[in-house]
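Residue numbers (our numbering): 1 to 144.
Now the structure itself:
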């Protein structure tokens, strides 16, 4: 039986692929769990449209990501004391919030620990599966 996979399935195939599986596997496993649909011409057209929409969204995301990553570093100001001691830090939530404000939408930042030093840092970000990049963060003392 030919089916269209609605999600990645280990040892079977990836999302949006047309696969030939046994009738029992399709009826007892894939269809009840909404992991696949029968490969009819109508479903094939629907899946093609979804693929095109996903590709368009990915291209837009890549363009936005490129504009942010190739631009100037994102500046964050840290509170410092008279002798240069640092009182605050930059957390991944702060960076995510700033990137959302700049129009990137939902973003995940890979920051192992908060930034607690002044200087220039590179941070990995993920927009969604397959779309990732690095952003420059500039940590500067706050103006007094």
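Cβ atoms here follow ideal geometry from the backbone N, Cα and C, with glycine treated the same way.
The three-state secondary structure of residue 81, taken from DSSP, is coil. Inside the stretch 31-89, DSSP marks whole beta strand (DSSP E) runs of 3 or more residues at positions 36-38 and 74-78, from first to last along the chain. Minimum Cα-Cα distance from residue 44 among the listed residues 140, 62, 16 and 21 corresponds to 16. Of the candidates 28, 87, 84 and 113, the residue whose Cα lies closest to the Cα of residue 95 is 113. Residue pairing for residue 126: DSSP places it in a beta bridge opposite 108 and 132. Looking from the CA of residue 46, the closest CA among 123, 6 and 61 belongs to 6.
Looking at 140, 104, 78 and 110, the one whose alpha-carbon comes closest to that of residue 120 is 140. Collapsing the DSSP output to three states places residue 140 in a strand. Where residue 99 is concerned, there is no enclosing beta strand (DSSP E), although the alpha helix (DSSP H) around it starts and stops at 92-101. Here residue 20 carries a strand assignment [DSSP, helix/strand/coil].
A straight-line Cα-Cα distance of about 19 Å links residue 118 and residue 110. Out of 142, 136 and 143, the CA that lies nearest to the CA of residue 68 is found in 136.
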